[in-house]
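Residue 34 in the UniProt record's numbering sits at position 34 of the sequence shown, with consecutive numbering throughout.
Everything below concerns the one structure shown next.
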Amino acid sequence: MMSYLLHLLKLDKNIVKYTTKSNEEANKLLAEAKEQLNKKISPWYSVIEIYTKAMVYAEPNSSELAKAYANRSAIFCNEGLYEDCLLDVDKALTLGYPDELKAKLYFRRVKALWESNKYIPCKKCTKVIFCNEACREAAWNKFHDIECEILASLPKDKFAWFDIMSVQLTIKAIKEAGSLGSLKKLVDEIKSNSDKNNFEKKIKHKSYSTIYNLYSDLKFSQKSNLYKDYPVRSAYLLSVFASKTQLLNNTSDDLRDLVNNELAIFLGGLILRHMNISSLNTFEGMIVKDKIKYKRSKLLGSIASYFNHSCDDNVSCNQYADKLVIRAIRNIKKDEQLFITYGPLFQTDTIKERREKLELQYNFLCNCIPCSKNWGPDSVISSWMDQALLIDRKYRVIAVYQKYSHFFKVATEKEINDKMNFDTAYIAVLLDIINELCENVSYPCIELISFKAALSYNYVATG
Numbered sequence: 001m002m003s004y005l006l007h008l009l010k011l012d013k014n015i016v017k018y019t020t021k022s023n024e025e026a027n028k029l030l031a032e033a034k035e036q037l038n039k040k041i042s043p044w045y046s047v048i049e050i051y052t053k054a055m056v057y058a059e060p061n062s063s064e065l066a067k068a069y070a071n072r073s074a075i076f077c078n079e080g081l082y083e084d085c086l087l088d089v090d091k092a093l094t095l096g097y098p099d100e101l102k103a104k105l106y107f108r109r110v111k112a113l114w115e116s117n118k119y120i121p122c123k124k125c126t127k128v129i130f131c132n133e134a135c136r137e138a139a140w141n142k143f144h145d146i147e148c149e150i151l152a153s154l155p156k157d158k159f160a161w162f163d164i165m166s167v168q169l170t171i172k173a174i175k176e177a178g179s180l181g182s183l184k185k186l187v188d189e190i191k192s193n194s195d196k197n198n199f200e201k202k203i204k205h206k207s208y209s210t211i212y213n214l215y216s217d218l219k220f221s222q223k224s225n226l227y228k229d230y231p232v233r234s235a236y237l238l239s240v241f242a243s244k245t246q247l248l249n250n251t252s253d254d255l256r257d258l259v260n261n262e263l264a265i266f267l268g269g270l271i272l273r274h275m276n277i278s279s280l281n282t283f284e285g286m287i288v289k290d291k292i293k294y295k296r297s298k299l300l301g302s303i304a305s306y307f308n309h310s311c312d313d314n315v316s317c318n319q320y321a322d323k324l325v326i327r328a329i330r331n332i333k334k335d336e337q338l339f340i341t342y343g344p345l346f347q348t349d350t351i352k353e354r355r356e357k358l359e360l361q362y363n364f365l366c367n368c369i370p371c372s373k374n375w376g377p378d379s380v381i382s383s384w385m386d387q388a389l390l391i392d393r394k395y396r397v398i399a400v401y402q403k404y405s406h407f408f409k410v411a412t413e414k415e416i417n418d419k420m421n422f423d424t425a426y427i428a429v430l431l432d433i434i435n436e437l438c439e440n441v442s443y444p445c446i447e448l449i450s451f452k453a454a455l456s457y458n459y460v461a462t463g
């Protein structure tokens, strides 16, 4: 009977068609979600549904699947659904979200953790909290297993960030070398070798050598009360290392017994050197919340210490997660030197303020272009429109302004400034305008200075 019915039945392939995974279909859905977001034609939960559908179609471990999770996390974050946001961020990172875009995910994770107060405390001490379990485990393996009792032993509000960084540098160096004795041998090799370039090639697997060789001479600050305090602070930290760790095998309660301990003297000197290195070579990581800048961290990057200062920088240093990213904020010609700012900028500080600050903190008299020409906040810098330009150059600049006129037509000056400084969508606009200005007009001009400053701030604000 059944065989007869099957023989008569005509199979409709459209009815029983099996739906397979398709990155092409997933991309269509991702584009649809983006269009609805841009046009603001659908409520947020409808866009969530589209991203979820894109996940259904995306092939396993594909970039489309990672992108769908990443984009959905942004909607969750904007709507205050921080736990869902964190889950999607972790999934996107696990799936291999592109490195050049990870900064946005890290920034989103920080915001979600901040808003949801999902920080994880250390299991032992009351001094440290972490952003998640993985962060806590990584810190424990790298330095906090030793640092934990040391921090717990420091008097409250008596120690500064450079003390903590010195402790962490010291612990990391010991762990990299294998023991305190091995670290002393490595440092002795570094100090005794006159050809640093060849020596660093020989021990390139030892990254500590790049840290040890950073500038650390703070003698110019001997008149400073803070500098005078450094040796005392390092001696106190040495005593804590001796009493709270087994690094020195110290069994005596009398710390004067350390005077004849060669490793103890070495460790104390190293702690002091690390304090000096931290004071002279660190960069401040910033985060922007509700359009207000906050200090988020101190970052020691050996490569960044090779950059000279200018009060009119041409590259921007920004922190993303545990990385220091250096990006150009205007066109840079071949063989032109890269400059960062050590803090002062001519747009915000007078030449007197800039030079005093740089001489006090870094022991040099700044003779960059703004300082040699006495530029300051009150300087009148002309527009590119006042320059004598060839007609074709002028038209190129006018054309790029017209290209983005729709961004500015119905916006107030404040709205434009907010978008320039805080909206990632405007980074591409800024780059395009800056490129045309650099190619066609003479520097300085007020427009290029303003766009350059906006780009630098946007990099900080948007992660």
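For glycine and all other residues, C-beta sits at the position ideal for the given N, C-alpha and C.
Can you give me the C-alpha to C-alpha distance between residue i and residue j, rounded to a whole angstrom?
i: S297; j: Y69; result: 28 Å
i: A112; j: A92; result: 15 Å
i: F199; j: G285; result: Note that F199 scores 45 on pLDDT, short of 50, meaning its location in the model is unreliable; the coordinates nonetheless yield the value given after this. Whole-angstrom Cα-Cα distance: 32 Å.
i: L249; j: A242; result: According to the sequence as given, residue 249 is Asn; it is not Leu. So the two alpha carbons sit approximately 8 Å from each other.
i: Y230; j: I271; result: 10 Å
i: S234; j: L267; result: 9 Å
i: I449; j: V315; result: 13 Å
i: S209; j: I50; result: 51 Å
i: A453; j: P60; result: 42 Å
i: A428; j: D188; result: 50 Å
i: N417; j: Q402; result: 18 Å
i: K394; j: Y404; result: 16 Å
i: K228; j: D157; result: 18 Å
i: I391; j: N318; result: 38 Å
i: L101; j: K219; result: 43 Å
i: T52; j: S62; result: 15 Å
i: D163; j: V240; result: 12 Å
i: A139; j: T170; result: 14 Å
i: K202; j: N38; result: Any reading at K202 must be qualified, since the residue scores a pLDDT of 47, below 50, and its modelled position is unreliable; no value is offered.
i: D90; j: L29; result: 22 Å
Which first and last residues belong to the alpha helix (DSSP H) in which residue i is found?
i: L300; result: No alpha helix (DSSP H) contains L300, which is instead part of the beta strand (DSSP E) from I292 to L300.
i: A388; result: Neither: A388 is in no alpha helix (DSSP H) and is coded neither H nor E.
i: L247; result: No alpha helix (DSSP H) contains L247, which DSSP labels as neither H nor E.
i: L431; result: A425 to N440
i: V187; result: L180 to S192
i: P276; result: Note on residue identity: the sequence assigns Asn, not Pro, to residue 276. Looking at the DSSP string, the run of the alpha helix (DSSP H) that includes N276 is E262 to N281.
i: D145; result: D145 to A152
i: R72; result: S63 to N78
i: I171; result: W161 to A177
i: Y97; result: Counting along the chain, Y97 falls outside any alpha helix (DSSP H), and DSSP gives it neither H nor E.
i: F407; result: S405 to F408
i: E32; result: N23 to K39
i: T52; result: W44 to Y57
i: A112; result: K102 to S116
i: C368; result: Neither: C368 is in no alpha helix (DSSP H) and is coded neither H nor E.
Within a Cβ cutoff of 6 Å, which residues of the same chain sit near residue i, ignoring the five residues on either side of it in sequence?
i: T245; result: I146
i: Y215; result: L280
i: I277; result: L214 and S216
i: T282; result: K298 and L300
i: L255; result: S239
i: A177; result: L183 and L186
Counting only the same chain and skipping the five closest in sequence on each side, list residues whose C-beta sits under 8 Å from that of residue i.
i: I120; result: I129, F130, C131, N132, E133, C135 and R136
i: L180; result: I174, L247, L248, L263, F266 and L267
i: P377; result: F346, Q347, T348, D349 and T350
i: F339; result: F307, N308, H309, S310, D312, D313, N314, V315 and C368
i: C77; result: C85, R108, K111 and A112
Per the DSSP calculation, residue i is bridged to which residue(s)?
i: A328; result: V315
i: Y320; result: K323
i: P121; result: I129
i: H309; result: I340
i: G285; result: S297
Please work out which residues of its chain come closer than 7 Å, Cβ to Cβ, to residue i, disregarding the five sequence neighbours upstream and downstream, and give them in chain order.
i: S442; result: Q387
i: E447; result: S383, W384 and L437
i: residue 489; result: Past the edges of the chain, shown from 1 to 463, lies residue 489, and the structure says nothing about it.
i: N421; result: A454, Y457, N458 and A461
i: N27; result: E64
i: Y97; result: A66, A70 and L105
i: S22; result: Y57
i: P444; result: I381
i: K357; result: G343 and P344
Tell me, to the nearest whole angstrom, how far the beta carbon of residue i is from that of residue j; I am working on the premise that it is less than 8 Å.
i: T341; j: S310; result: 7 Å
i: S166; j: L237; result: 7 Å
i: V56; j: A33; result: That pair is no contact at about 13 Å.
i: R396; j: N331; result: R396 to N331, Cβ: 14 Å. No contact.
i: A103; j: Y320; result: 4 Å
i: A152; j: C125; result: 4 Å
i: L430; j: F451; result: 6 Å
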